[in-house]
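J.: Residue numbers (our numbering): 57 to 366.
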């Protein structure tokens with residue numbers, strides 16, 4: 057379960073942490089294989105829904121925050137919807153200006169207080185396991201000592217993704233704005249601070265456990281995300297939910313923080329946005345648009361119908 061939880065939880069923050077903090081990541085992070093970049097583009101048909109009334113259309117697109125760079129998802133109904141949108145709405149502000157300002161926010165939340173090290177938070181047994189695991193990965197333990205356990209875990213996950221050629225630069229969110237028509241607006245559902253607080257607010261012992269298991273499951277995390285990418289690429293919403301959502305349901309508090317509460321909030325945003333005319337392209341993590349208590353379920357509870365268009 058932890059491997060899948062790590063895969064999902066890291067994906068939420070991957071678009072935040074990796075681009076803004078690339079210079080701080082361990083120097084040993086493997087680079088994607090050159091062969092991946094040389095491969096021809098693989099067509100993808102990820103799921104797309106819409107909510108509409110007489111003068112408003114809101115498209116709901118489930119994204120994967122990091123992808124191999126050979127996936128071509130911008131085609132078909134997704135291309136038509138995004139290119140026609142008056143407004144783009146994402147989980148957080150992904151503009152270059154916002155991305156440039158993220159590093160300060162991340163550093164503020166990810167750094168431990170002066171005089172405290174990551175290893176000092178661990179028992180002797182956990183510390184020995186941690187140092188041995190990092191040594192196998194070629195990462196000096198001192199490189200992660202200044203950081204909170206949750207942030208160190210995200211960096212380890214980033215390494216696992218990079219090992220199989222999955223990078224945030226090829227992810228959906230970082231490439232949406234360039235597809236918009238001239239003059240289209242951009243909005244965000246949440247702030248960087250809120251998203252990072254999901255992890256920063258976890259109990260410290262849970263953060264340490266998350267970090268240790270990220271290292272233990274290092275070789276499984278990348279392939280797990282690749283499996284998610286494969287199912288997402290063919291629009292298999294049920295399979296994505298089985299991989300991403302179902303393991304979280306074993307941890308009700310975490311599932312509420314990561315999924316259910318946010319889905320309900322976003323459904324309320326959609327309900328209110330229907331009062332304003334126009335075409336909106338809303339892109340959020342694919343796990344929010346599948347499984348139980350999805351955004352669509354929350355909309356249905358408010359009497360709002362969603363229709364799948366791809």
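For each residue, glycine too, the CB sits at the ideal point set by N, CA and C.
#1: Could you name the residues that DSSP lists as bridge partners for residue 105?
#2: If you scan the segment 139 to 198 from start to end, which runs of the beta strand (DSSP E) of 3 or more residues do you find wholly inside it?
#3: Can you tell me whether DSSP reads residue 202 as helix, strand or coil?
#4: For residue 358, does the count of other Cβ atoms within 10 angstroms reach 16, so buried, or fall short, so exposed?
#5: Below 7 angstroms CB to CB, which residues in the same chain sit around residue 316 once its five sequence neighbours on both sides are set aside?
#6: When you compare the CB positions of residue 121 and residue 204, do they come within less than 8 angstroms of one another, or not?
#7: Return the Cβ separation of residue 161 and residue 127 in integer angstroms, given the expectation that the two are a contact with Cβ distance under 8 angstroms.
#8: Take every Cβ of the segment 263 to 282, pair it with every Cβ of the segment 203 to 221, and state whether three or more of those distances are shorter than 8 angstroms.
#9: On a CA-only basis, which of 341, 325 and 342 is nearest residue 107? Give me that one, please.
#10: Taking the alpha-carbon positions, what's the residue 226 to residue 129 distance?
#11: Counting along the chain, where does the beta strand (DSSP E) carrying residue 339 start and finish?
#12: Closest to residue 96 by CA distance: which of 335, 124, 310 and 102 is it?
#13: In the DSSP assignment, the beta strand (DSSP E) including residue 244 goes from what residue to what residue?
#14: Do you know how far the Cα of residue 355 is from the Cα of residue 314?
#15: Which word fits residue 351, buried or exposed, when buried means at least 16 other C-beta atoms lie within 10 angstroms of its C-beta?
#16: Given residue 186, which residues of its chain have a CB within under 8 angstroms of its CB, disregarding the five upstream and five downstream residues?
#17: For the pair the segment 339 to 347 and the segment 295 to 304, tell me if three or more CB-CB distances fall below 8 angstroms.
#18: Three-state secondary structure (DSSP) at residue 123?
#19: Compare the beta carbon distance of residue 46 and residue 146 with 8 angstroms and say whether it is the shorter of the two.
#20: In the DSSP output, what is residue 326 paired with across the bridge?
#21: Please classify residue 321 as buried or exposed, where buried requires at least 16 other C-beta atoms within 10 Å of its C-beta.
T.: According to the data block:
#1: Residue pairing by DSSP places residue 105 opposite 116 and 364 in a beta bridge.
#2: DSSP runs (the beta strand (DSSP E)) wholly in the segment 139 to 198: 143 to 146.
#3: Coil at residue 202, not helix or strand.
#4: With fewer than 16 other Cβ atoms within 10 Å, it is exposed.
#5: Closer than 7 angstroms at the Cβ level, and outside the excluded window around residue 316, lie 349.
#6: No, the pair does not count as a contact, with Cβ atoms beyond the cut-off.
#7: Their Cβ separation, rounded to whole angstroms, is 29 angstroms, which puts residue 161 and residue 127 out of contact at 8 angstroms.
#8: Yes, they touch.
#9: For the set 341, 325 and 342, the Cα lying nearest the Cα of residue 107 is the one of 325.
#10: Computed Cα separation, rounded: 11 angstroms.
#11: Going by DSSP, residue 339 is part of the beta strand (DSSP E) stretching over 334 to 341.
#12: For residue 96, the nearest C-alpha among the options comes from 124.
#13: For residue 244, the enclosing beta strand (DSSP E) begins and ends at 241 to 244.
#14: The straight-line gap from Cα to Cα measures roughly 18 angstroms.
#15: With a 10 Å radius around the Cβ and a threshold of 16 neighbouring Cβ atoms, residue 351 comes out buried.
#16: Once the five neighbours on either side are set aside, the close Cβ partners of residue 186 are 175, 178, 197, 267, 268 and 271.
#17: They touch, by the three-pair rule.
#18: In this structure, residue 123 counts as strand in the three-state DSSP scheme.
#19: Residue 46 lies beyond the residue range present for the chain, which begins at 57 and ends at 366; the question has no answer from this structure.
#20: Residue pairing by DSSP places residue 326 in no beta bridge whatsoever.
#21: Exposed, since its Cβ has fewer than 16 Cβ neighbours within 10 Å.
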